[in-house]
Each structure stands twice: as structure tokens, then as C-alpha cells.
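**Q**
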Amino acid sequence: MVEQNLRFRSDEPVGDPAVTVDAFADQSNATAVRIEPGDDARALLPHLDRLALVEVNFPTYGDGRGYSAARILREHGYAGELRAVGDVLIDQLSHMRRCGFDSFAPDQPISAEAADKALATWPEVYQKTVDGRPAIWAKRHSA
Amino acid sequence: MYQYDSYDQAMVDARVAEFRDQVERRLAGDITEDQFKPLRLKNGLYLQLHAYMLRVAVPYGTLNSTQMRMLGDIADKYDRGYGHFTTRQNIQYNWIKLSDAPDILADLASVEMHAIQTSGNCIRNTTSDQFAGAAADELVDPRPYAELLRQWSTFHPEFDYLPRKFKIAMIGSETDRAAMKLHDIGIQLVRNDAGEIGCKFYVGGGMGRTPMIAPVIGDFVPPLQMISYLEACLRVYNRYGRRDNKYKARIKILVHEIGADEYRRQVEEEFAHILTLNLEPPPAELERIKGFFEQPGFEAGLSDDLDLSDPDFALWVDQNTHAHKQAGYTIVTISLKPAGGIPGDATADQIRLMADLAKEHSFDELRVTHAQNIVLPHVKKADLYALWQKLDEAGLATANLDLISDIIACPGLDYCALANARSIPVAQKISARFADLGRQRELGELKLKISGCINACGHHHAGHIGILGVDRKGVENYQLLLGGSEGADTSLASITGPGFSEDGIVDAVEKATDVYLAQRADGERFVDTFRRIGMAPFKEAIYAKEPVNG
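Residue numbers (the UniProt record's numbering), protein chains in the order written: chain A, 1 to 143; chain B, 1 to 550.
Spelled out as C-alpha cells, the structure:
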């Protein structure tokens, strides 16, 4: 099981093991799934209501497909836990949060203090994503 | 010109603070070079053959005199008294100390500049038409849209770890001066029959080892949906672009492999979804940005007459100025290609002088061109002779724009860790061989571009004459290519045959120009003649055996 987990949710963590996207399609009772970089997150869209945990694997930090996968799930209303696992480094936390991840299980542990500092790097953001932060353009033109 | 507000300033300040912390951790030994590398690359800091190189972004190639002066001061303070303007309208410093890098970024931030996303597999600095806001043939000023794009692409959380780097060019004229179709995305602002403005999206062009001309993917995207369309284009690429082989990872390979129609279908599907998310900045934001790009206070009713009695001045005016939209004004291109010089290099003093001249004569504005020259976009014709004299005194009045010695060259093996061969000495030798301006003008428009390896930073595929440096069993060798072009008549150059030594390639270039002079029809440029008569006559002349004993 996960050794270390930075979690930004208040609900109880899901205990179920995450199954592969292929296996998930065949298991009508599975509530946790793990997306690999080559998987199409859109395959999960019809099943979002029964999902409680989606793990997105980053085998190397440079493979950024998981950022799109995360954002697509959030854009379609997924509200469960979205956990980045694998080669997740401190320098990626801020962008991952912006793409909808609310839980992290990095191969190399990251302290909560270091994570908080990294997440506070950007005082503002230029884009509207799925994290609810208002983009700079929205602040400029809020009446 | 665009000016930062407190939000923009806060973003670059945060970046400086972050990088200062990272450099301190590296210098203290808390992180290894392997761990530091991706962090420094996010700040445009490369480790080259001899030293660190810092690449500073010049958004859409536009600078004011304060910024330009700072670039000169940085060259003096932290480098060896010069800088190198690049094919992506940026500037690079070649001799940087790691411990100085945070201070340089802080100096840049003090004049609203940065090195954000000038390297790494992210959306790079957007390039544009160096004559934007000035050209007589302009339909729409592309700069407000490019600034909107700059902000959207800055620290974009989804697209910071793309399969490969991503370059966007944006133009608003019929004439393409930005090699738009050779970019990952080229956006051309166009007008439809109803008079409305739209964005024409070309996606999947590029140079590198597999050069491709971008097909049209979006015919007419409303400007107020430009960001959403970009999100769709990038998202499809981020998910499906190849990551198994870095040489096949650019978007051009994806578009080529699945086909433009299938790529377009996927983009349209994603675009329809993204439009429901309201990610687009409001019209008021585009209007706010447009406010910074209002026409400067031109004097009305000025004469276009010029006293051309000084023949050297007349030559320079003919070669290095372009038609301005306002009567009585002209666009000046300052050549950074003196005879025998290093293309794109300028000394700190020259940089500061150009800053002063921009302040005095060009409404405080300068542009960097992708051909590695500097533009003063708004010069009053009545001031032109005085301006030229000052440029001439500083060695900046070479009248060779678009001639054979106006060479694009990458830094090559003199600096670059990726290069196979040196580019600079070849450029210098060709420039010296053709130093006679009369001879150059006789040859007419001739775009010569040199890359020191197949990554093609010197745009050799798009040269009327292209030169590619390769490593042949440990010896530098140069291949000759002919017939490339950028702009409206974009084409990819073809290789002539076996390569040459450093001196041999200079001879081969000369022989190619001899064929052109012998065969050209009235009004034909070098590339036109090549297209008409084909490779064979050039090949024959270039590879002809020297007669033995008469």
C-alpha cells in the first residue's frame, strides 16, 4: 500500500486497491482505478459516479500525459480522490494541484512543510483550470 | 508596448525568488546537477561546452529602450561584453556564472523581462512579425493577440511536460516574415468576406531533422476563442504525441502520422468540450491589452521625400528600409551581419547605442528579427540620414539585408553542446568572400542559413542556400542544400550531394551563385531560378572535376 501520502481532502481515504483501466471495465464493483500514461482517461467518463479514487501514474516526471488525464476527469465532474503516484517531485506539485490532483504518493517522500512551500510558489495564475483559483484576467475584470 | 501591472510583475518576481532558492540549494550541494538540470532549464539556463548560457525571452520580439539598455548592461556586467540575438527573437549570453544567474533574472525582472520557458518541453516564447504595428501591408496588429498568448502560456500547468518543445508564431500580415508555417503552430490573423477577423491555424510545421510545412487545421477561429482552440490543439498533442523517441516527439510527427484530417477531427472534438468550460479571457482583457499597442503619436502630413545624394546612404535606404503604414515614416532594419562578422552578435556598446537611437528616433521601440537583426519600427524619414550616420560610426550600417551575407547561423560547435560542426567560421568566411556589396546586390535576395547539426537551429532547410554541418568520422563536414524558403512560398531545401570541407563549402556556395548568374531570367531571384531549372545544373557545376594539367 501507499507508504507516504500528501492528501488535501478531508474525507476518509479509499481502502480498495486500484485496478487497471482495462480491468475496471469488467468489474462493476470496483471503486478505484489506476491510469497509466498511455490510457485514455475518457474511457472512465461513463463511470465517474462509482469512482472514489483515481490514481494517475507518472513513471517519469517528464511524461506529462497525466496532467491532461487529471484535468479531463475534473472537467467532467469527477469529485473523488485524484492521486498522483510515481516520479512526482516537489517542483511539480503546484501544477498538479492546478490540474485537479488532491493527493500525492511520490516515490521519494516529500515533507508536508516542503509541499506547502512549493504550493505557495505562485501568488497568481494566468489560466483558468479546475482548481477554482481565479485567473489574473478574471481579477483584472471583476466588477 | 505592453506594460506589466502588479499581477504580471508578481509572477516574474516569484520566478526570481524560486530560482534564487534553487541555485542556492545547488551551490550548497543540497541537490545534484541531475536534480538541478530540469530546474535551470525552466529558467533558460543551459550548460554548454565552456560555460552556462542564459537565454532571455523577448516576447514576440518587442523591446523598449530601457529593456534594450539592460540587455547591454547585462552583457557588460555578467558576460564578456556582448550578446547573441537568436532565430527565436531572443538574446543569449554565452559566458554566464551560475552564481550570477539569479541576479541577472532579478535585473531582467526590474525591466519587465524574464527567461521563463526559453527552454524545456513547454510552450516557448511566442514569435511574431518584426514589423508588427508598422508594416504598410498589415491587416491586423498581431501583438495584442501574442501578448494574450504569452500570458496564457506562462506557467500553464497542463502543458509544462509536453512530449517536446513547442513553438508558436503569430502574424497579422499577408506577407509572412516569421516563417510561420515552419512552427509547431503558426497563427495568421485574417479577414473573411464579412470583414470579421479570425485566426487561421497552421499546425505541425517544423524544421529539425524531419522538416515539415504545417497544414491548415483551423480555417477561421474567432479571436475570442483563440485560447480555447490552443488548449484543444495542445491537449491532443500532449496526450498522443510520441514519447518513445525524442526525435519523433514534435507535433509535426503526430500530425503527419495520423494525418491532418484526423488531427483536426480530434481538435474539433476537444474544442467543443473546452468551449463549455469558459476558459477564454473576456473581450475586455483583449481590449485592455490592445490599449498598450495604440499607434504612437505620428506626425501627420509628412513628406516621403529623401535626399539620397550620399550614395552609401542611398544603398542602405534601398536595402535596409521597408514601407511604413504612416506617410513620412519608415521601418529600419539594423544589420548585425558586418562583413566577416558573427551573425547576430552585438557588443554591449552597440546594444546601448541601439537603445538610445530607438528612444530618440523610433518612439522607444525595437524589435529583434528571426534573421538575427534589429529593427527600429517607426523612424521619421526626415531623421533617417542622421540616424544612418550614427549607425555607420558604430559599425551598424551594413547595407546587406536579405543579401547573401545576411546569414542566419546557429552558435554551432563554438558554443553548443549539441553541435557537430562549427557554424560561425563558415558564416564568417562566406561573408568575407562576398564582402563586396556590389557583388551581393548583383546576386539579389539570397537567404543563406547555416546549422551546425541536424537540429536545424540555423534554419538550413528554409535557406535559398542552406548549409548543414555534420561530423564525418571526427572531421567537420558541410552539406549544401538549395531551394528552401520561408514565408508565403515556404519550401524545403534539397541536399546537393556529398559534403565539403570548411573551405570547400565556401567554394561550393560561390559556384552555385555562378550558375544562378549565368542562368537567371529577368527578375528572377536565386530561388526562382533554382525552382525553374532544378538541381541538375547546380550539381554539375558544384561537383565538376577540376581540369588536370589544363
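In this text, a Cβ means the ideal position worked out from N, Cα and C, and glycines have one as well.
Any idea if residue 102 of chain B is buried or exposed, counting beta-carbon neighbours within 10 angstroms, 16 or more meaning buried?
**A** One-based indexing of the second sequence puts residue 102 of chain B at position 102. Result: buried.
**Q** Mind checking who residue 169 of chain B pairs with in its DSSP beta bridge?
**A** Against the second sequence, residue 169 of chain B aligns to sequence position 169. The partner list for residue 169 of chain B (beta bridge, DSSP) reads B:127, B:186.
**Q** Put residue 561 of chain B into one of helix, strand or coil per three-state DSSP.
**A** No information on residue 561 of chain B is available, as it lies outside the stretch 1 to 550 that chain B covers here.
**Q** So which residues of chain B does residue 68 of chain A contact, with C-beta pairs closer than 8 Å?
**A** In the first sequence, residue 68 of chain A corresponds to position 68, counting from 1. Here the neighbours are 158, 235, 238, 239.
**Q** Mind reading off the beta-carbon distance from residue 232 of chain B to residue 280 of chain B? Whole number of angstroms is fine, and I expect it under 8 Å.
**A** Locating residue 232 of chain B in the second sequence gives position 232, counting from the first residue. Locating residue 280 of chain B in the second sequence gives position 280, counting from the first residue. That pair is no contact at about 12 Å.
**Q** Quick check: what's the CA-CA separation for residue 59 of chain B versus residue 328 of chain B?
**A** In the second sequence, the residue the question calls residue 59 of chain B occupies position 59. In the second sequence, the residue the question calls residue 328 of chain B occupies position 328. Residue 59 of chain B and residue 328 of chain B: Cα-Cα distance of roughly 28 Å.
**Q** DSSP puts residue 53 of chain B in a beta bridge; with which residues?
**A** Translated into the one-based positions of the second sequence, residue 53 of chain B becomes position 53. Answer by DSSP bridge pairing, in chain order: B:46.
**Q** Which residues, in order along the region 117–132 of chain A, keep a beta-carbon less than 8 Å from a beta-carbon of chain B?
**A** Residues 121, 122, 123, 124, 125, 126, 127, 128, 129.
**Q** Using a threshold of 6 Å, is the CB atom of residue 260 of chain B nearer than that to any non-hydrogen atom of the ligand ZN?
**A** Of the ligands one can find in the structure shown there are none, so the ligand ZN has no counterpart to examine.
**Q** Taking only beta-carbon atoms, is residue 552 of chain B less than 7 Å away from chain A?
**A** Given a span of 1 to 550 for chain B in the structure shown, any question on residue 552 of chain B remains unanswerable.
**Q** Using the beta-carbon count (16 or more within 10 Å), is residue 211 of chain B buried or exposed?
**A** On the second sequence, residue 211 of chain B is found 211 positions in, with the first residue counted as 1. With 16 or more Cβ atoms within 10 Å of its Cβ, residue 211 of chain B is classed as buried.
**Q** Comparing alpha-carbon positions, which option in B:133, B:217, B:484, B:395 lies nearest residue 293 of chain B?
**A** Numbered from 1 along the second sequence, position 293 holds the residue referred to as residue 293 of chain B. It is B:133.
**Q** Helix, strand or coil for residue 550 of chain B per DSSP?
**A** The residue given as residue 550 of chain B occupies position 550 in the second sequence. Note that residue 550 of chain B has pLDDT 46, beneath the 50 cutoff, so the model's placement of it is unreliable and no number is given.
**Q** To the nearest angstrom, report how far apart residue 107 of chain A and residue 179 of chain B are at their CA atoms.
**A** Counted from its first residue, the first sequence places residue 107 of chain A at position 107. Counted from its first residue, the second sequence places residue 179 of chain B at position 179. When rounded, the distance between both Cα atoms is 43 Å.
**Q** Short of 7 Å Cβ to Cβ, which residues in the region 134–157 of chain B face chain A?
**A** Listed by position, the residues of the region 134–157 of chain B near chain A (Cβ gap below 7 Å) are 151, 152, 154, 155, 156, 157.
**Q** Closer than 8 Å is the cut-off here; do at least three beta carbon pairs connect the region 483–491 of chain B with the region 526–540 of chain B?
**A** Yes, the region 483–491 of chain B touches the region 526–540 of chain B.
**Q** Excluding the five sequence neighbours on either side, which residues of its own chain have a C-beta within less than 8 Å of the C-beta of residue 25 of chain A, listed in chain order?
**A** The residue labelled residue 25 of chain A in the question sits at position 25 within the first sequence. The answer, listed in chain order, is 43.
**Q** With C-beta atoms as the reference, is residue 126 of chain B less than 7 Å away from residue 150 of chain B?
**A** Your numbering for residue 126 of chain B matches position 126 in the second sequence. Your numbering for residue 150 of chain B matches position 150 in the second sequence. In contact: residue 126 of chain B and residue 150 of chain B (Cβ atoms closer than 7 Å).
**Q** Answer with yes or no whether the minimum CB distance from residue 2 of chain A to chain B is below 7 Å.
**A** Mapped onto the first sequence, residue 2 of chain A falls at position 2. Residue placement at residue 2 of chain A is poorly supported in this model, since its pLDDT is 45, which falls under 50; the coordinates still yield a value, given next. Answer no: the Cβ-Cβ gap between residue 2 of chain A and chain B never drops below 7 Å.
**Q** Using a Cβ-Cβ cut-off of less than 8 Å, give me the residues of the region 113–129 of chain B that come near chain A, in sequence order.
**A** Those residues of the region 113–129 of chain B that come within reach of chain A (Cβ to Cβ, closer than 8 Å) are 121.
**Q** With 7 Å set as the bound, which would you pick, yes or no: does the beta-carbon of residue 98 of chain A sit closer than that to a beta-carbon of chain B?
**A** By one-based count along the first sequence, residue 98 of chain A stands at place 98. Yes, because at least one Cβ of chain B sits closer than 7 Å to the Cβ of residue 98 of chain A.
**Q** Report the option in A:98, A:13, A:73, A:127 whose CA atom is closest to the CA atom of residue 118 of chain A.
**A** Translated into positions along the first sequence, residue 118 of chain A becomes position 118. Considering only alpha carbons, the answer is A:98.
**Q** Identify the continuous alpha helix (DSSP H) that holds residue 111 of chain A and give its terminal residues.
**A** Here the question's residue 111 of chain A lines up with position 111 in the first sequence. No alpha helix (DSSP H) contains residue 111 of chain A, which DSSP labels as neither H nor E.
**Q** Using 10 angstroms around the beta-carbon of residue 116 of chain A, count the other beta-carbons present and answer buried if the total reaches 16, otherwise exposed.
**A** On the first sequence, position 116 is the one that residue 116 of chain A refers to. So residue 116 of chain A counts as exposed.
**Q** With DSSP run on the structure shown, which of helix, strand or coil describes residue 66 of chain B?
**A** Working through the second sequence from its first residue, we reach residue 66 of chain B at position 66. Three-state result, residue 66 of chain B: helix.
**Q** Kindly list, in the order they appear in chain E, the residues whose Cβ is closer than 9 Å to that of residue 63 of chain A.
**A** Absent from the structure: chain E. Protein chains present are A and B.
**Q** Do residue 141 of chain B and residue 173 of chain B have their beta-carbon atoms positioned less than 7 Å apart in this structure?
**A** Counting from 1 along the second sequence, the entry for residue 173 of chain B is found at position 173. Counting from 1 along the second sequence, the entry for residue 141 of chain B is found at position 141. In this structure, residue 141 of chain B does not lie closer than 7 Å to residue 173 of chain B by Cβ.
**Q** From the DSSP output, in three-state form, read off residue 369 of chain B for me.
**A** Residue 369 of chain B sits at position 369 when you count from the first residue of the second sequence. Of the three classes helix, strand and coil, the one that applies to residue 369 of chain B here is coil, per DSSP.
**Q** According to the neighbour-count rule (16 or more other Cβ atoms, all chains shown, within 10 Å of its Cβ), is residue 121 of chain B buried or exposed?
**A** As a working note, residue 121 of chain B is residue 121 in the second sequence. Answer is buried; the Cβ neighbour count reaches 16.
**Q** Exposed or buried, what is residue 337 of chain B when buried is set at 16 or more other beta-carbons lying within 10 Å of its beta-carbon?
**A** Sequence index remark: in the second sequence, residue 337 of chain B carries index 337 (1-based). When all chains shown are included, residue 337 of chain B counts as buried.
**Q** Alpha carbon to alpha carbon, how far is residue 237 of chain B from residue 426 of chain B?
**A** Here the question's residue 237 of chain B lines up with position 237 in the second sequence. Here the question's residue 426 of chain B lines up with position 426 in the second sequence. The straight-line gap from Cα to Cα measures roughly 37 Å.
**Q** Determine, for residue 284 of chain B, whether the minimum Cβ-Cβ distance to residues of chain A falls below 7 Å.
**A** Locating residue 284 of chain B in the second sequence gives position 284, counting from the first residue. It does; some Cβ of chain A falls within 7 Å.
**Q** Using a cut-off of 9 Å between C-beta atoms, extract the partners of residue 75 of chain A located in chain B.
**A** Here the question's residue 75 of chain A lines up with position 75 in the first sequence. By Cβ distance, chain B contributes 273, 274, 276, 277.
**Q** Per DSSP, what are the beta-bridge partners of residue 55 of chain A in this structure?
**A** In the first sequence, the residue the question calls residue 55 of chain A occupies position 55. Per DSSP, A:34, A:83.
**Q** Can residue 460 of chain B and residue 452 of chain B be called in contact, C-beta distance under 7 Å?
**A** Indexing the second sequence from 1 puts residue 460 of chain B at position 460. Indexing the second sequence from 1 puts residue 452 of chain B at position 452. No. Outside cutoff.
**Q** Is it a yes or a no for the region 40–50 of chain B touching the region 109–120 of chain B, going by three-plus beta-carbon pairs under 8 Å?
**A** Judged by Cβ distances under 8 Å, the region 40–50 of chain B makes contact with the region 109–120 of chain B, as three or more pairs qualify.
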